[in-house]
Amino acid sequence: MIDSKPRTALIAGATGLVGAELLDLLLADPEVARVHSLVRRPSGRTGEALAEQVVDFSNLAAAAIAPPVDEAYCCLGTTMRAAGSRTAFRRVDHEYVTAFARLALGLGAASLTVISSLGADPESRSFYLRTKGEVERELIALAVPSLALLRPSLLLGERRELRAGERASELALRLASPLLRGALARYRPVHARAVARAMAACGRRGEPGVHVLESDAIQRLGATTS
2 MIDSKPRTAL IAGATGLVGA ELLDLLLADP EVARVHSLVR RPSGRTGEAL
52 AEQVVDFSNL AAAAIAPPVD EAYCCLGTTM RAAGSRTAFR RVDHEYVTAF
102 ARLALGLGAA SLTVISSLGA DPESRSFYLR TKGEVERELI ALAVPSLALL
152 RPSLLLGERR ELRAGERASE LALRLASPLL RGALARYRPV HARAVARAMA
202 ACGRRGEPGV HVLESDAIQR LGATTS
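The C-terminal position of the sequence shown is numbered 227 in the working numbering, with every residue numbered one higher than the one before it.
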């Protein structure tokens, strides 16, 4: 989908760790004329190309966005601890994500780039990974012209909250990263900025078909993309 005409992007989750980095990239891209950012509450972000809209993610059909949209990015996601229940977690990571994808398609998006998770599998015993896998399966069934599913391992970056257990896991994986080679490379932690760069590259290229990128591929693409 490489084109000289100005592009219009749609993003959800731009206040999160990866989403904030991605929004910066989109707003800095001279080829992006408009970025529609869907948020639950005002973010305070400004930009000449930014069109922020506070929405109810349980009723995205009511979002007022004039088509067409060229590319869409979904950075929505929560944790079991933050959600408080399986029902609440599934609402965000499944219902909201698929609703966003349908909205993007309805607006004419030719590419959709979504953050999933390493280990996503609809048959997984883990509720978290099973939910991620089920979402991937539904997104693939939508037959988006270009669909990129990014499956990062542990995300590195400046979080607002980082619990002691998460800090310990991050430190352990950072120390182990040099040893994670070959098939184990996908377990290497990856910085949120690299994920954002990889997402922007996938959306900009819009290569036909379904593309699944795990941490090692994300790192490579994010390192070679500005």
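Every residue, glycine too, gets a C-beta built ideally from N, C-alpha and C.
Take aspartate 25, set aside five residues on each side of it, and the residues of its chain with a beta-carbon closer than 8 Å to its own are Ala197, in chain order. Bounds of the beta strand (DSSP E) holding alanine 10 are 8-13.
Counting other Cβ atoms within 10 Å of its Cβ, arginine 152 reaches 16 or more and is therefore classed as buried. For threonine 80, the closest alpha carbon among the candidates Thr114, Ala29, Leu155 is that of Leu155. Residue pairing for alanine 52: DSSP places it in a beta bridge opposite His37.
For alanine 201, the uninterrupted alpha helix (DSSP H) run begins and ends at 193-206, by DSSP. About 5 Å separates the CB atoms of alanine 50 and valine 36; that is less than 8 Å, so the two are in contact.
DSSP places glycine 134 in the helix class (H, G or I) of the three-state scheme. In the DSSP assignment, the residues bridged to histidine 212 are Ala149.
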